[in-house]
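Heads up: the structure comes next, in structure tokens.
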Amino acid sequence: MKKALVFSAIAIAAVTAFATAASAYDAEWKRGRIYYRSVCTSCHVAEPIGSIAPSTRTKAEWAEYLKADAHAKGKDKVSRFLSKAYRAEIKATNKAAEKFADVADEELTADVAAFLMRGAKDGDEPASCN
Amino acid sequence: MSTSPSRFPGLAEDWKKIFVEEWSPFFGAVLLVLIVLALMTTGLFWGVFGGVKYWGDRLNAAIGLAPLLGIGEAKEGFLGHRMSLMNIMLVLGSATAALLSGQFQPNRAPKLEYVWGALGGSLMGVGASLAGGCTTGGFFNPVVHSSPAGWAMWAGLLFGAWVGLKVLLWTLDTIEWGTAAPSPIRVPEGVKRLYPILGLAILVGIVAWSAAWWASPEKQVASRAIVVAAGFAIGFVMHRSRLCFARSIREPFMTGEGTMTKAVILAMAIGMPLAALLFRAKVIDPYVAIPATFWIGSLTGGAIFGFGMVFAGGCASGALWRMGEGHAKLWVAMLFFAWVGSIASAIFKKIGLTAIDETNIETWEVTAVGRQAFLPDMFGGWGVALAIGFGLLALWYAVVRWNETTEKLTVL
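This is the structure:
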């Protein structure tokens, strides 16, 4: 029991030091998840192409996709669907778009990217669509 | 070990203390929570049922049930799936500890015990599917992550274990079939003498494996190196200290003895505030290890799991490390835990019980049996959250301590 207490004290000191030194990450993958599900997936399901699970691509493929900014084989831009303007267009019928109507484009793009990286085939939690 | 005590008395004594003699469960509990926290600093968390369910999914795929249950194709192999890898390493860690201590012993059980192993494992599969995890992912992790889901499962586990013990006692009085002990498996002395060397060889092999993956340019492979080391260490520590969550729940009802319970309480008392620091520093997101089952799924799943683990003879992590020690009954329990766990998870998801509500636009996940619940978000800060956590731990400790002297709660 004494050994355990000494160990506990060392553990507390070590984790405290680590937690203090650790840097915060900015993107909110959970917000990205909501947007991806409620806006991206819900629209894709209605279209002939069907839903696209994050786990169907690797992190590198998703990064490349976002960088290319080409939606529907270049007919459109991905960034358009993440923009405030698009959210304003659909917010009357889409709760997520309404909820995140005022979020900056760069922030929401980073959130969705964080979710895709996390849910990618080689991500921390490969995510499929239910 | 062949090291001569006369030539290296100090080393031989240290070897005995570290690798042969049983560690204090309190020491084991502290080491376990340190490994869990170390994992969290890398963005990972300890889980067992996810890996067990993956094994069951593969079994169902092999026997042709997967399409019927809607189980998809595996994206990763047994060593690629994070929790499957961690479980395999846990068994290996325990087996290594058992070999090094000379306590490895293939162990056959009476026939009836296999029936109880199958029944208990199956119920554990159903319970874990409802609770979103076993005693690790449904109870220990959520409590450390300040989620009330862990406490709801705890209540269910206590109730289930109490009922399970009552029923098990009844079977002892009424069922005679299959109770005769089989002849023990005799391991030749020459082989037994090789145990420590074999254990040492596995230990060196694991270190080399982990180091090789760590050096990999592929990030995912490098992160699996941490899983290899952590899983192995968890198995080793659990075996050496005979740490067991099932015992911490069951023992006060069985004999009144509460040492294992107090060790688990200590682990959680250390883990909760330290994990809070990691969450506050955004080192890891608390929600990654909180199941969307608060409170119905956690409570009912806990009760079913608690009943099952009494018959199986161990919870998920406890079954894994006892498998590494050589207990055939726990292999049977694990087989059914995995198989039924996979079936139950698929069915519950299909009928909408545990399927994630995709229309929910909150940052927490919601299912028909509950939601992800994180106390600091529910109460607007850490003060109340930690007060609730420590209050419940104190209550548990007080009741167990009182029962140690009065035995009012024992069913024997």
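Going down the list, the protein sequences come from chains A and B.
Residues in the first sequence are numbered from 1 upward in steps of one, following the working numbering.
Residues in the second sequence are numbered from 1001 upward in steps of one, following the working numbering.
Quick reminder that beta carbons are idealized off the backbone N, C-alpha and C, glycines included.
- Beyond the five residues adjoining it in sequence on each side, Lys1111 of chain B comes within less than 6 Å, by CB distance, of Gly1178 in the same chain, given in chain order.
- With its beta carbon less than 8 Å from one in chain A, Gly1043 of chain B belongs to the interface.
- Close CB contacts of Ile1234 of chain B within its chain, under the 6 Å cut and outside five residues either way in sequence, are with Ile1035, Leu1090 (chain order).
- At a cut-off of 8 Å, the C-beta of Lys1075 of chain B has a neighbouring C-beta in chain A.
- Between the region 1078 to 1092 of chain B and the region 1361 to 1378 of chain B, the count of Cβ pairs shorter than 8 Å is below three; the stretches do not touch.
- Around Ile52 of chain A, no beta-carbon contact reaches into chain B at under 9 Å, the shortest distance being about 14 Å.
- With contacts defined as CB atoms closer than 8 Å, Lys1053 of chain B and Gly1341 of chain B qualify as a contacting pair.
- Glu1013 of chain B counts as exposed, since fewer than 16 other beta carbons sit within 10 angstroms of its beta carbon.
- Contact check between the region 1290 to 1300 of chain B and the region 1057 to 1067 of chain B: fewer than three CB pairs, one atom from each, fall below 8 Å, which does not count as touching.
- By the rule that beta-carbons nearer than 8 Å mark a contact, Tyr1397 of chain B does not touch chain A.
- Sorting B:Val1399, B:Ala1180, B:Gly1050, B:Gly1102 by C-alpha distance to the C-alpha of Thr1135 of chain B places B:Gly1050 at the top.
- Among the CB atoms of chain B, one or more fall inside 8 Å of the CB of Ala96 of chain A.
- When the beta-carbon positions are compared, Gly1258 of chain B and Leu1123 of chain B stay at least 8 Å from each other.
- Between Pro54 of chain A and Ala120 of chain A the beta-carbon gap is near 6 Å, inside 8 Å, which marks them as a contact.
- Between the alpha carbons of Lys1349 of chain B and Gly1077 of chain B lies a gap of roughly 23 Å.
- Of the residues assessed, Phe1311 of chain B falls on the buried side of the cut-off, its CB having 16 or more other CB atoms within 10 angstroms.
- Linking Ser1317 of chain B to Leu1037 of chain B through their CA atoms gives a straight-line distance of about 17 Å.
- Annotated three-state conformation of Asn1360 of chain B is coil, per DSSP.
- In the same chain as Leu1157 of chain B, and ignoring 5 residues on each side of it, the C-beta atoms closer than 6 Å to its own belong to Ile1249, Gly1302, Gly1306, in chain order.
- His44 of chain A has no beta-bridge partner at all, per DSSP.
- Contact annotation: in the region 1361 to 1373 of chain B, residues whose CB is within less than 7 Å of a CB in chain A are Ile1361, Thr1363.
- Inside the region 1255 to 1294 of chain B, DSSP marks whole alpha helix (DSSP H) runs of 4 or more residues at positions 1259 to 1280, from first to last along the chain.
- Secondary structure of Arg57 of chain A (DSSP, three-state): coil.
- Following the DSSP letters along the chain, one finds Leu1069 of chain B inside the alpha helix (DSSP H) bounded by residues 1066 to 1069.
- For His1327 of chain B, the three-state secondary structure derived from DSSP is strand.
- Contact between the region 1097 to 1114 of chain B and the region 1198 to 1211 of chain B is present, with at least three C-beta pairs closer than 8 Å.
- For Arg1371 of chain B, the secondary structure class from DSSP, reduced to helix, strand or coil, is strand.
- Contact between Gly1127 of chain B and Leu1330 of chain B is absent: CB atoms are separated by about 17 Å, not below the 8 Å threshold.
- Annotation for Gln1220 of chain B: the continuous alpha helix (DSSP H) segment containing it runs 1219 to 1241.
- The C-alpha of Met1238 of chain B lies about 17 Å from the C-alpha of Glu1251 of chain B.
- Contacts between Ser55 of chain A and chain B, judged by CB atoms closer than 7 Å, involve Lys1075 in chain order.
- Scanning its chain for C-beta atoms nearer than 7 Å, with the 5 sequence neighbours on each side dropped, one finds around Thr1041 of chain B the residues Leu1278, Val1283, in chain order.
- Nearest CB-CB separation between Asp124 of chain A and chain B: below the 8 Å threshold.
- Per the coordinates, the alpha-carbon of Ala85 of chain A lies some 49 Å from the alpha-carbon of Ala1338 of chain B.
- Interface criterion not met: the Cβ of Arg87 of chain A is under 8 Å from no Cβ in chain B.
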